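>
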Amino acid sequence: MSKSSRSPTNAIGPPPKAALAASSATKDEVHRRRNPFNDMLRHRTLDAGDNGRGAASHASASEPRLEDEPPVPNEEEEEVTQADRFAELEKALQLAKEEQSALREELQKTRHVQETDRDTAKDMHYQMSETHPDGRRPPSRDMPLRQSFERNEDDIIRQNFALRYRIAQLQEQLAATEAMYRDHLPPEASHGEAELNEMRSRLHASEKESQSRLQQLLSLKSSISSLTRVDTQTTDSELTESFSQLANRIREWVITNFRRSKWDISALPPETVKVLQTIVAGYERVGGADRLALYQAIVSNTLMEVLQEPVIVGLPKTGALAAVRTFAGSIQDAGADYRGWRRATIRALDHSETKRVIEQERDALIHRIAGEIGHLLFTLTSVSLAAGAQSALIGIIKSAVDLQRTVALQKARYQLLFFHNQKASASNFEDLRMESVNDLDCTIDEDGDTIVEKKLLFCVFPCVEKFGDEWGEHTETSNILLKARVCCSMG
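Every number in the numbering used here is 2 more than the matching position in the sequence shown, counting from 1.
#1: Measuring only the C-alpha atoms, how far is residue 116 from residue 84?
#2: What does the Cβ neighbour count give for residue 406, buried or exposed, with the cut at 16 atoms within 10 Å?
#3: With C-beta atoms as the reference, is residue 382 less than 8 Å away from residue 315?
#4: Using the beta-carbon count (16 or more within 10 Å), is residue 297 buried or exposed?
#5: Can you tell me the Cα-Cα spacing of residue 98 and residue 88, whole angstroms?
#6: Distance, Cα to Cα, residue 23 vs residue 109?
#7: Does at least one heavy atom of the ligand GTP sit under 7 Å from the Cβ of residue 90?
#8: Going along the chain, which residues of its own chain have a beta-carbon closer than 8 Å to the beta-carbon of residue 28, five neighbours each way excluded?
#9: Drop a sphere of 10 angstroms on the beta-carbon of residue 102, count the other beta-carbons inside from all chains shown, and report buried for 16 or more, exposed for fewer.
#10: Roughly how many angstroms separate the alpha carbons of residue 1 and residue 216, rounded to a whole number?
#11: Can you pull the DSSP bridge partners for residue 250?
#12: DSSP state of residue 259, grouped into three classes?
#13: Run through the segment 387 to 444 for me and flag every whole beta strand (DSSP E) of 3 or more residues, listed as ranges in chain order.
#14: Which whole-angstrom value is the C-beta distance of residue 420 and residue 303, which I expect to be below 8 Å?
#15: Using CA coordinates, which residue listed in 414, 214, 91, 243 is at the minimum distance from residue 338?
#16: Runs of 4 residues minimum, wholly inside the segment 274 to 332: which ones carry the alpha helix (DSSP H) assignment?
#17: Where does residue 214 sit, in a helix, a strand or coil, going by DSSP?
#18: For residue 360, report the span of its beta strand (DSSP E) as first-last.
#19: So, is residue 436 buried or exposed, given that buried needs 16 or more other C-beta atoms within 10 angstroms?
#20: Within the continuous beta strand (DSSP E) that includes residue 482, where are the two ends?
#21: Between which two residues does the beta strand (DSSP E) holding residue 458 run?
#22: Name the residue from 363, 273, 349 whose alpha carbon lies nearest to the alpha carbon of residue 380.
#23: Measure the C-alpha to C-alpha separation of residue 330 and residue 318 and round it to an integer number of angstroms.
#24: Run through DSSP, which three-state label would residue 99 get?
#25: Quickly, what does DSSP pair residue 488 with across the bridge? List them, please.
#26: Which of the three DSSP states is assigned to residue 475 in this structure?
#27: Which residues in the same chain have their Cβ closer than 6 Å to the Cβ of residue 312, if we skip the five residues on either side of it in sequence?
#28: In the structure shown, what three-state DSSP assignment does residue 264 receive?
#29: What residues are listed by DSSP as bridge partners for residue 240?
#30: Rounded to whole angstroms, what's the CA-CA distance from residue 472 to residue 278? Just pull it up for me.
#31: Helix, strand or coil: which one does DSSP assign to residue 32?
#32: Measure the C-alpha to C-alpha separation of residue 432 and residue 283 and round it to an integer number of angstroms.
#33: Based on Cα-Cα distance, which residue from 369, 280, 476, 305 lies nearest to residue 460?
#34: If you draw a straight line from the C-alpha of residue 214 to the C-alpha of residue 199, how long is it?
#35: Sorted by chain position, which residues of the same chain lie with C-beta nearer than 6 Å to residue 308's C-beta, five sequence neighbours on each side aside?
#36: Per DSSP, what are the beta-bridge partners of residue 469 in this structure?
Structure (structure tokens):
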């Protein structure tokens with residue numbers, strides 16, 4: 003019985019200190035903003051306190067009656083109610099702490115902004131005091147910063163101009179001081195300075211004269227070099243290109259004028275037969291597809307008279323100059339000395355009075371060769387050359403004349419090989435010196451052995467071979483600059 007009478011009294015204890023502190027706190031002690039949640043919590047705490055006190059008084063008043071009516075205890079409900087209260091109080095305390103932390107941070111930010119504004123104002127005040135030392139009133143804080151900056155810029159510009167003016171004054175003062183110093187120098191010092199200035203002027207004049215003499219010397223050397231220099235040496239690539247262009251011009255000329263002509267060898271004159279037999283002994287076996295190549299061979303074979311001239315084209319065969327040709331034939335085996343003599347002879351003939359005679363003989367030779375080529379082709383095709391074709395042929399011959407002169411002026415030795423097939427059958431084909439113009443392939447069996455080989459039928463354009471280097475030395479070595487263009491047949 004005693005145990006049941008003490009349990010209600012012990013189960014209901016005093017409220018927590020946080021609740022009492024919250025209920026007894028005044029507005030002056032806690033500086034925070036009003037929150038409806040805090041008011042609600044405060045009312046609930048007060049109600050809980052009143053209920054506790056009422057329960058205690060009710061227990062004391064009814065204590066004498068416990069002997070008659072013992073109450074039914076409910077400990078589980080009381081424990082749940084007390085736990086809920088503690089949870090609510092802890093939650094309220096946590097919310098209060100968070101709110102306090104947020105207010106503290108906001109207060110710190112506000113203080114920081116105020117300090118920054120205060121420092122900025124101090125700096126502006128200090129700058130204005132430095133910029134306006136004469137006591138002028140600085141711009142007020144209400145004035146826009148841009149306007150104050152513009153004023154500062156104007157002041158800086160004024161100070162810059164003032165400094166420049168001061169520098170100019172100092173320079174003038176320095177010049178005046180130097181002039182006064184010169185005036186007070188003794189006569190000996192003035193005389194020495196005058197001599198120094200005179201020596202400087204003489205040195206300057208000497209330098210100008212030296213530069214002028216140097217320019218005259220360089221100009222004289224350039225003139226002598228241009229007068230004595232003979233640019234006669236040509237590279238291998240240039241010579242190869244020149245011969246290749248000549249062969250192409252002959253080919254185009256023949257195709258343009260004789261591609262529609264008919265082959266007729268039934269009644270050839272003896273001179274035509276002789277030329278054809280010189281090119282290929284069995285000219286009767288030449289097919290229709292190779293006749294244009296044969297016409298090219300006739301032109302090239304006739305031009306060999308020009309390309310193989312020992313000295314210069316146009317040298318007379320009679321008279322005093324005929325001895326030059328005879329002498330050249332007798333010393334051709336002298337090697338580099340012969341080529342040096344030939345170069346000197348050609349230059350001497352170009353500057354002598356016999357130049358006009360040589361030019362006349364050269365023009366006559368060109369027209370004679372052009373007429374001979376036209377006659378040979380007419381006997382084969384019955385085609386007469388028009389004026390344009392005749393003019394083009396003369397241009398080809400003149401190019402051959404210029405090419406012969408270029409080769410004759412070189413220090414190296416060059417050889418032109420026009421292969422003459424004097425056999426009744428085709429000759430052997432040399433891959434090193436020949437290239438086919440009619441594109442015939444060798445026949446090869448299954449084992450890779452050649453069954454039918456290409457054979458030389460006739461030569462279309464000569465081979466160009468070089469002996470030695472550009473200085474005429476090491477003539478034991480040779481180099482094929484341009485392979486001969488030949489027409490082939492199958493053996």
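C-beta atoms are modelled at their ideal positions from N, C-alpha and C, and glycine is treated no differently.
Because the structure is a prediction, the values reported are computed rather than measured.
On the basis of the data shown:
#1: 48 Å
#2: Flag for residue 406 reads buried.
#3: For residue 382 and residue 315, no; Cβs fall outside 8 Å.
#4: buried
#5: 15 Å
#6: Only weak support exists for where residue 23 lies, its pLDDT of 43 falling under 50; the value from the coordinates is given anyway. Taking the straight line from one Cα to the other gives about 25 Å.
#7: The ligand GTP is absent from the structure shown, which contains no ligand whatsoever.
#8: Only weak support is given to the placement of residue 28: the predicted model assigns it a pLDDT of 45, under 50, and the question is left unresolved by the model.
#9: exposed
#10: Nothing can be reported for residue 1: it is not among the residues displayed for the chain, which extend from 3 to 493.
#11: Looking at the DSSP assignment, residue 250 forms no beta bridge with any residue, so it has no partner.
#12: helix
#13: Counting only unbroken stretches of 3 or more residues, the beta strand (DSSP E) elements lying wholly within the segment 387 to 444 are 415 to 419, 436 to 438, in sequence order.
#14: 6 Å
#15: The shortest Cα separation from residue 338 among 414, 214, 91, 243 belongs to 414.
#16: 293 to 309, 324 to 332
#17: Shown here, residue 214 sits in a helix according to DSSP, grouped into three states.
#18: Where residue 360 is concerned, there is no enclosing beta strand (DSSP E), although the alpha helix (DSSP H) it sits in stretches over 357 to 383.
#19: buried
#20: 480 to 484
#21: 456 to 463
#22: 273
#23: 13 Å
#24: helix
#25: According to DSSP, residue 488 bridges with 438, 461.
#26: Here residue 475 sits in coil by DSSP.
#27: 330
#28: coil
#29: In DSSP, residue 240 forms no bridge with anything.
#30: 37 Å
#31: With a pLDDT of only 44 at residue 32, under 50, the local geometry of the prediction cannot be trusted, and no value is derived from it.
#32: 19 Å
#33: With distances taken between CA atoms, residue 460 lies nearest to 280 out of 369, 280, 476, 305.
#34: Distance between the alpha carbons of residue 214 and residue 199: 23 Å.
#35: 315, 402, 403, 406
#36: Its beta-bridge partners are 415, 480.
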